[in-house]
Every structure is written in structure tokens, then in C-alpha cells.
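**Q** In the numbering used here, the protein residues as written are 67 to 304. The structure under discussion is supplied below as C-alpha cells; questions concerning it will follow.
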Ligand SMILES: [Zn+2]
Ligand SMILES: [Zn+2]
């Protein structure tokens, strides 16, 4: 069975936001599929939309009852942010990830921090736009994007989604030595590329505008990483 990309979103995500996010994911996959031999008939990666899901028999107190459970378990009331290392670990440990390994993308409206809770409390101004467990999962938030002028939001969200998909699929490759910038668990690209890191929402818009001049916004090295994932996934299930 082909590996899938699970896409979930929090309750407050608008239809416009999740529609846009999904179309950004589809665009990247379509581009990769078109350049992958045999992927046209049997694309190695599919998107599964789970949205804001709930499993009624488990709700409201059994673990993993729904999208909101992950948020409740990783939200820190004091810093008023989701602690992303906690969230990503819940995803890594989830029963469905163990039963059937897949990629995970989660779209939240809560603000995020990639610091563990004690450090986040010491640095209350620190936030992050997105965070990932490279090669498996990524979460992103519209919290800061919604603070941008309306004309910039769609561009920023689509850029962040593409960046997150790149991380979830394993870009930037950890064995790579050139044109890289390390940030915590994540490795970023320093080429003119969607895998460059944006510290805040304004930088995100700047980078998105710069990359919009490119016909394809993943640099050749990051593109090779994504293409090797496509090849690996085709062999895994064939
Ligand atoms: Zn990143
Ligand atoms: Zn790159």
C-alpha cells in the first residue's frame, strides 16, 4: 500500500485556510509525480484528509480520541502556546503511526514554541511558525499568519505548508554538508529555496516573495532529496 500523508487541522482553522493548505501540498506532489517515472499511474504518495477528526467511543478521556487531544496534551497554559516537541512526540508514538507508518501534517491556530516548556516559560517572547520531526511529521500554525495584512496571508501560508511538507519528507537531508543551516532538530537550506528558515511572519513573506520568481521553489539539492523519497516509497510498497 502506498504511504500516505495524513493532513489534520484544528477546529478553528477556516475552510479557506485548510483548502489553501491542501492545494499547496497537492501542487508539490503533482510536480514531483510528473517527474517520477511510473508515478503517473501509481503515485507513491497520497494525501489523506482527516481534518478535525474525533473517535466518539474514545472521547473525551481516552488517549488519542481526536485532533484536539494532541493540542490539549501539548498546550502550555502559562506560555499560551503549543509545545511542539511534545506534540510531535505524541504523533511519533501514536498507534496509527505504529500500525501504518505515514507522514503527518497538522495545521493549528494556536501559537507554537519549539522550546520545551521550562525554557519556553523563561523565554515568553519566543515563538515559532512551524516545527517538524524530520522525515515524519510537521506542524504549522496560522496564529502569526493571521496577524499579517490580508493580502499577504495566502502567500505566507502556502510557503509555510510547502516548507513543512519538505521537512516531513526529510528535507534538508541530514547527511548533507553544503548550503545548510542547523536549527535545533531541523536542518535548513541556505540556497534560494523554500527550505530556508523564516524566523517570523514578516521574514516568511519576504522569502515567499523572493521564491515566487522561481519556476519551482525547492533548490536542486532539496529537489533531489524529495525525488529520492519518491523513489524509496515506490520501492517500499511494490
Ligand atoms: Zn523549518
Ligand atoms: Zn534547498
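We treat Cβ as the ideally placed atom computed from N, Cα and C, and that holds for glycine. Note that the coordinates shown come from a computational prediction; the quantities given were computed from them, not determined experimentally.
Here's the rule I'm using: 16 or more other beta-carbon atoms within 10 Å means buried, otherwise exposed. How should residue 192 be labelled?
**A** exposed
**Q** Give the DSSP-derived three-state secondary structure of residue 304 in the structure shown.
**A** The predicted model places residue 304 with a pLDDT of 47, which falls under 50 and marks its position as unreliable, so this point remains unresolved.
**Q** Which term fits residue 267, buried or exposed, when burial requires 16 or more other beta carbons within 10 angstroms of its beta carbon?
**A** buried
**Q** Return the first residue and the last residue of the alpha helix (DSSP H) that residue 284 is part of.
**A** Looking at the DSSP string, residue 284 is not in any alpha helix (DSSP H), and its letter there is neither H nor E.
**Q** Consult DSSP for residue 170 and reduce its assignment to one of helix, strand or coil.
**A** strand
**Q** Can residue 203 and residue 157 be called in contact, C-beta distance under 7 Å?
**A** yes
**Q** Taking 7 Å as the limit between beta carbons, can you name the residues of its chain near residue 161, skipping five residues before and five after?
**A** 130
**Q** Distance, Cα to Cα, residue 298 vs residue 247?
**A** Their backbone Cα atoms lie some 25 Å apart in a straight line.
**Q** Measuring CB to CB, does residue 195 end up less than 7 Å from residue 226?
**A** yes
**Q** What number of angstroms, rounded off, separates the C-alpha of residue 207 from the C-alpha of residue 94?
**A** 19 Å
**Q** Who sits around ligand 2, taking every residue whose Cβ is closer than 5 Å to one of its heavy atoms?
**A** 255, 257, 259, 261, 285 and 288
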